[in-house]
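In what follows, a single structure is set out as C-alpha cells and then discussed.
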DNA sequence: CACGATTTGTTCGTATGTATT
DNA sequence: AAATACATACGAACAAATCGT
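Protein chains in written order, with my numbering: chain A, 35 to 286; chain B, 35 to 286.
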C-alpha cells in the first residue's frame, strides 16, 4: 500500500481510509480482527503512534472496537431499542423507556446519582421560573440485568419539590414518585430530539468514551391542569435507541 | 496542581478534568482562551503530547474548540435550529428543513453528491423490496449562504426511478423532482430519531471531525395511495438542529 | 509584502505499564 | 510464567496556520 507523504492529507488519515475500505470490503469478515499494531506498523512503514492515530479515528467513527490485550475488531452492527410514538393519538406510555421494556417493566429502576440547587437557563425559560428557584436532580435509569443505562437531569421548582430527593425511595421512576407523594398525574407538553457529544461526566455515568454520540431527548412535562412540573434532559447512548414517530395508522 | 502518577486514572484524563473544572468556573471567561500547550506542559510538569491528549479529550467532549495557529478556546454555547412537528395535526411541511428556513425557502438547495446501485438491509426491509432492486442517492442539503449542510441518503426502487439522477437538475429538493417528473405527491409514513458518530465520509461532506455526533432522522415517505416511495437517512451535525414534537395545542 | 515569532499539527523514536491468553 | 497486544508517557523535530512588525 502506497502513502503520499507530501499529500496535504495526513498519513494517519490515509491509513484510516485504507483500513475503512478493507472493512467495507469485508476483508476480516470471519473473526473480524484487524492486524495488530506492529503488523500494521510494518506494512505501512510508519511509526506505531501513527497507526494508533488511524485506529483511534476508526474507533471514534464507530467502525472498530479496540479491546485492551486482545486486539482491534470490526464493530458489530448495533441493534437499537425502538420506542414508538403515535402522532395521531398522542398516546405515549409515561416515561417512554417503559416502552422498550414493556415486557419487563418491573426490572426497570431509576436511581438518583446527584442533586443540586442549580438552575439552567434553558430549564428556566421553559418552566417560566427564575434560575435561582430551580433544583436539579440527576438519575440513572436502566435495567437491573443490563449494563445499559440512561442519564437524566430533571429541573424542578425547589420551593414546591424541595423534599423530592428525600422522598425518593430507590428503584422507582419519577412519575411514580410524583403520583404517590404529590398526587400529580403527568402528561407530555413537548419533547425535543437532538444529539451531543458525551462530556466527561456523561462518560463516567454511561460507560462510554468521551465524545461518544448521545441522543438527547428533552422536554417539559405538565400536570392535568397543563401547568409545567419539570423540564428534563435525557441522554441515551446513540447506538442503543431509536425514537419512531408514526404518522399513518398502524393498521390495527 | 497535583497529579497522582500512581492513580489508576491516566494523567491526561486528570488534566482534562482539571481544565474542565476551570472552564466550568469561568476562569478564562473574557477571551475564552486557554493557556498555550507549552504553558500547560510547564504547569503540570508533563510531556506536550500528554497535554495534547487532555485537550483532544475536551475537544471531543465539545468543551473547547482548537484553532490551528491561534490557540484553544472555550466552546461557545450552540444555537440550534428548531424544527417543530405538531403531533395532533400530523401536518408537517414537506422536507422539514424548510421549516428552519421558512423565510428563505428559495435559498435552499439539494445537490446530488453520489449515487450507486447499492442496497441496504434496513432500506430493503422498510420498502419491502430486495436489496438488489434498490439504488442509493446521496445529497447535500443546505443554504447557499451558510456553510451549514445536511447529508441525506435516499434508497429507491431502481426499476421505477432509474433515471432519477439524470432528471435531477440541480438545486431542487427531491420532493419537488418527484412531483414534477413523476407526478408523485409525498407524505410521511414514519420518521425515526437516533444518533451516530460521523464516519470518514460523513466527516468530509459535513465538515465536522470524525466521530462528531450526528442526529439521524430516517424514515419512509409514501405516495397518496400509501405505497412507499423511498427510505431516507438524513444526518445533521448534532449541535445545529433540534426536532420538537409538540403534544399539546400550541394555543393558537 | 516579507519575515519572524507564536501556536497548534504531524511524525518519529523509545520506554514502560496493563490486560489477555 | 511467558508471550502477545493495546495503553500511557516522555523527548525531539519539523510542518502549517496565524499574527504583528
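All C-beta atoms in this analysis are idealised placements derived from N, C-alpha and C, irrespective of residue type, glycine included.
These numbers come from a predicted model, not from an experiment.
| Item | Value |
| --- | --- |
| Contact set between residue 114 of chain B and chain A, taken where Cβ atoms lie within less than 7 Å | 228 |
| Own chain, CB closer than 7 Å to residue 86 of chain B, minus 5 neighbours either side, in chain order | 71 |
| Alpha helix (DSSP H) segment containing residue 116 of chain B, residue limits | Careful: residue 116 of chain B lies outside any alpha helix (DSSP H), inside the beta strand (DSSP E) at 115-120. |
| CB contact below 8 Å: residue 241 of chain A versus chain B | no |
| Proximity below 8 Å, CB of residue 153 of chain A to CB of residue 168 of chain A | yes |
| Simplified DSSP state of residue 39 of chain B, which is helix, strand or coil | coil |
| Buried versus exposed, by CB contacts within 10 Å (16 or more), residue 77 of chain A | exposed |
| Cβ pair residue 68 of chain A, residue 99 of chain A closer than 8 Å | no |
| Short CB-CB distance (under 8 Å) between residue 222 of chain A and chain B | yes |
| CA nearest to the CA of residue 228 of chain B, picked from A/97, A/64, A/109 and A/113 | A/113 |
| Beta strand (DSSP E) runs contained entirely in the stretch 179-252 of chain A, provided each spans 3 or more residues | 183-191 and 221-231 |
| Short CB-CB distance (under 8 Å) between residue 57 of chain B and chain A | no |
| Closest residue to residue 184 of chain A among A/191, A/225, A/236 and A/203 (Cα-Cα distance) | A/236 |
| CB contact below 8 Å: residue 217 of chain A versus chain B | no |
| Residues of the stretch 56-87 of chain B with Cβ closer than 7 Å to any Cβ of chain A, in chain order | none |
| Rounded C-alpha distance that separates residue 138 of chain A from residue 218 of chain A | With a pLDDT of 41 at residue 138 of chain A, under the threshold of 50, the modelled position of that residue is not reliable, and no figure is offered here. |
| Sufficient close CB pairs (3 or more, under 8 Å) joining the stretch 185-198 of chain A to the stretch 254-269 of chain A | yes |
| Inter-residue spacing [alpha-carbon to alpha-carbon] between residue 97 of chain A and residue 215 of chain B | 38 Å |
| 8 Å CB neighbourhood of residue 224 of chain A in its chain, flanking five on each side removed | 253 and 254 |
| Neighbourhood of residue 265 of chain B by C-beta distance below 6 Å, restricted to the same chain and skipping five residues each side | 157, 160, 161, 189 and 254 |
| Which of helix, strand or coil DSSP assigns to residue 260 of chain A | coil |
| Contacts of residue 107 of chain B in chain A (Cβ-Cβ under 8 Å) | Result: empty, since nearest Cβ-Cβ is about 17 Å, beyond 8 Å. |
| CA nearest to the CA of residue 220 of chain B, picked from B/51, B/256 and B/170 | B/256 |
| Short Cβ contact (8 Å threshold) for residue 150 of chain B with residue 92 of chain B | no |
| Test: residue 247 of chain A CB closer than 8 Å to a CB of chain B | yes |
| First and last residue of the uninterrupted beta strand (DSSP E) at residue 316 of chain A | No information on residue 316 of chain A is available, as it lies outside the stretch 35 to 286 that chain A covers here. |
| Test: residue 54 of chain A CB closer than 8 Å to a CB of chain B | yes |
| Span separating the alpha-carbon of residue 176 of chain A from that of residue 251 of chain B | 24 Å |
| Opposing strand residues paired with residue 168 of chain A [DSSP bridges] | A/191 |
| Amino acids of chain A, ordered along the chain, whose beta-carbon sits closer than 7 Å to that of residue 275 of chain B | 228 |
| Close Cβ partners of residue 75 of chain A (< 6 Å) along its chain, the five nearest in sequence each way excluded | 82 and 85 |
| Between the CA atoms of residue 80 of chain A and residue 226 of chain A - distance to the nearest angstrom | 46 Å |
| Three-way DSSP call (helix, strand, coil) for residue 148 of chain A in this model | strand |
| Integer-rounded CB distance, given that residue 57 of chain B should sit under 8 Å from residue 119 of chain B | With 8 Å as the limit, residue 119 of chain B and residue 57 of chain B do not qualify as a contact, their Cβ atoms being about 34 Å apart. |
| In DSSP terms, what residue 45 of chain B is bridged to | None; residue 45 of chain B has no bridge partner. |
| Interface residues of chain A facing residue 166 of chain B [CB-CB closer than 9 Å] | The contacting residues do not exist; residue 166 of chain B stays about 17 Å from chain A at best. |
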